[in-house]
Amino acid sequence: MRSSLVPVVVAALLASALGGCARVPDSGPAVPVAAPSAVQSGEPESDSVNTLLPRPGADAALSVSAYVNALRATRNPGPLGDHFLATPALRNTFSQNPSMVVVRGDVRASVAEMASGAATTTALFSADLIGTVDSDGVFAEAENSAWQVQVRMARIGGTWLFAEPPPLIVRDDQFASSFTPTTVYYAAAPSAVTGTNPQLVIPERRYVNEDSSGDLATQIVDFVLAGPSAALKPVAVNPLPKIKRTSRVAVEDGDLIVELEAQAESLDKDALNAFVAEVGWSLSASFSGSVRLTVGGRPLDVDDFSANQDQSAWKRYNPVVVDRQNLPTFAVQKGAVKVLSDAGSFDQKPLRLGTSVQGKNVRSAAVSMNLTRLAVVRDEAGSQRLWITDASGTMQPTLRASQIGRPSWGGNSVTVVVPVGGRLFEVGVGNARTPTEIQVIGPNGRRLRNITAIRLSMDGVRAVFINGTGSSAQVFFGMLTGSTGSALVLRARPLAVEGAPKDVSWYGAVTAAVAVTRPGNAGDEVSIVLAPVDGSPARIQTTRLKTTPVVRLTADPTENPEPIIPLELSGRIYSAEANYSVTPALQVAGVAPFYPG
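Each residue of the sequence shown is one higher than the one before, starting from 570 at the first, in the working numbering.
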């Protein structure tokens, strides 16, 4: 139902504000924008997409609907300002706006009723809100899906135009073609997980608008200097909070050169070392040599700090080398842990398997990223027991319970987390017989005590997990916090996935792979949902495989993950594809497949 606003006072103000500087933009049947099809085909060139434009004599509703249609036809809406906004200043503001509203489905638009001959009115936009992307490339998931905004309009020379910038709206099905996702790393905050002086970086997904101008490397360094998002701040810090911009970012002779402001020379070496690790990892695909920090064109001068750091210096801030390829995969076959694939480029050979503990009555297992530690869950005398390797490599028995979930190491080889009877425990290699419970807290402080599956990230401070079973099951993303020496707390929020979740894993550094069941043509079928942990739009890969009582999966947790996702359906392991909705091939008989981590 349309409102009956008649903005009389606004009309006088707009007449004064727009007088002398407003003009009617050229009308025509085509707007020069980049078509989504060009992006999908890999061609960056702009094209002309036919769409109606505001024109003299047409009513305000046509201008509003034309704007909505034009947004649907383009991934870079900046040029639309020349056709829909009344003044050069407004057009410039519109074209420079990096923030986007991400919605699900169609945008609803209407115009307020107005008196005959009125020169102003109000447009109302509403939609099912998913979230927003801000000027720092941060996606923020909406707390309330009901979204609407009012925008003033004015009639200039007989044509209805926007008198203030309208929202930049992206539908969920346009999201992937409208933004370039990039992984940016931030220095870890001291905690019970990371220690008092952590040398660790934590990844976060940022989005670069395809319409943005400027160098991508400079944008990424600016993202680093802006610091972690509000969502990541519980586990990450900004080592250079007073420096907001860089004057130069370049790659010369394979080295990454970052020019900082003079005040950088008043900072301490630990903060600067952390910053080098942040930009090194964030831009690791863009250069092959050292990171060099400069001030005024010369090397930055700080006591005990090296302004020229090769990769051996800053790569140690990541717990594992994330660009390794061909991780080995494992599974349980006939009660024993087996290697499904070779270690590929790993220098270290996989664990020697086949001891009595590892080779009998095993239900699930996990191996550390460095392939030196193993954790297994075994059936023993009517119950289940968790075994882990100690510092000498000997398997040690730990807690016993009627039901123990699959363990997870994350990126470390010191402690493992495991669901036990719905609660979450941490078991250390050195104190295997004294596990510690981790408090898991969901929205509004609610304790989560029905955890069925969990995977730690390689940095060890983030986790994806499932709480509940059947129709009540829900996927969560959380971060481990706690002061040094205190008990750990996992604070989590739900991730929206389509379907009933059965199992979860990491796919890459910032995406959860979730096995779900959804209705199909011949009953429930299994699909894999690739859900970014920031809550941005997920991607569903259908398998066309009928669901079974047991559904489990694993995925490559490194930054450049392998596309094959081993998927178990009650004792049969299939090779699912992360990028294609095709029926996967049967790989082998076995249960509980897992990548290291």
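All residues carry an ideal CB built from backbone N, CA and C; glycine is no exception. Quick caveat, the model's predicted, so the values are computed rather than measured.
Asked                                                                                                       : Found
For Q788, the first and last residue of its enclosing alpha helix (DSSP H)                                  : 785-795
Whole alpha helix (DSSP H) elements within the region 637-674, 4-residue minimum                            : 650-653, 657-665
Nearest neighbour of G626, chosen from D675, A688, V908 [CA to CA]                                          : A688
Whole-Å CB distance - I1134 paired with A1147, under 8 Å assumed                                            : 6 Å
Simplified DSSP state of R885, which is helix, strand or coil                                               : helix
Span separating the alpha-carbon of G862 from that of P1088                                                 : It is worth fixing the name first, because residue 862 is Leu in this sequence and not Gly. When rounded, the distance between both Cα atoms is 55 Å.
Bridge partners - D824, DSSP secondary structure assignment                                                 : E821
Alpha carbon of G858 to alpha carbon of P657, nearest angstrom                                              : 45 Å
Exposure label - Q1156; buried when at least 16 CB within 10 Å                                              : buried
Limits of the beta strand (DSSP E) - the one that N778 falls within                                         : 770-778
T1080, buried or exposed, once every other Cβ within 10 Å from all chains shown has been counted against 16 : buried
Cutoff 6 Å; reference P803; Cβ partners in own chain excluding five residues on either side                 : M1048, T1050
When L825, L829, L836, V908 are compared against Q880, the one with the closest alpha-carbon                : L825
Among Y754, A786, T787, N766, the one whose alpha carbon lies nearest that of R774                          : Y754
Inter-residue spacing [alpha-carbon to alpha-carbon] between V1098 and I1109                                : 5 Å
Collapsed DSSP secondary structure at P1012 in the structure displayed                                      : helix
Backbone secondary structure at N877 - three-state DSSP                                                     : strand
D1093: first and last residue of the uninterrupted beta strand (DSSP E) it sits in                          : 1092-1101
Expected contact under 8 Å - CB spacing of R942 and I957 to nearest Å                                       : 7 Å
7 Å CB neighbourhood of V676 in its chain, flanking five on each side removed                               : V637, F694, A696, I738
Close beta carbons around V806, own chain, < 6 Å, minus the five adjacent residues each side                : A756, A758
Nearest residue (CA-CA) to P897, options N887, M964, L909                                                   : L909
Delimiting residues of the beta strand (DSSP E) encompassing G1089                                          : 1080-1089
Contact set for D1093: own chain, Cβ-Cβ below 6 Å, skip 5 residues either direction                         : T1086, T1116
Stretch-stretch touch, CB-based, cutoff 8 Å, three pairs: the region 960-972 with the region 987-1004       : yes
Status (buried if at least 16 other CB within 10 Å, exposed otherwise) for A1128                            : Inspection of the sequence shows that residue 1128 is occupied by Glu rather than by Ala. Buried is the call here.
Spatial distance of D916 from V936 (CA atoms)                                                               : Note that D916 has pLDDT 43, beneath the 50 cutoff, so the model's placement of it is unreliable and no number is given.
Exposure of S982, with buried meaning 16 or more beta-carbon neighbours within 10 Å                         : buried
Nearest to Q953 (by Cα), restricted to the options S1139, S961, N930                                        : N930
Between the CA atoms of F731 and V864 - distance to the nearest angstrom                                    : 45 Å
Cβ-Cβ distance between F1163 and T1123 below 7 Å                                                            : yes
P1126 vs M1027 beta-carbon contact at 7 Å                                                                   : yes
Q743 in three-state terms, based on DSSP                                                                    : helix
Integer-rounded CB distance, given that P1070 should sit under 8 Å from I1020                               : Between P1070 and I1020 the Cβ distance is about 12 Å, and since that is not below 8 Å, they are no contact.
T1038 versus G904 - alpha carbon distance                                                                   : 25 Å
Within 7 Å, strictly: CB atoms of A786 and L869                                                             : no
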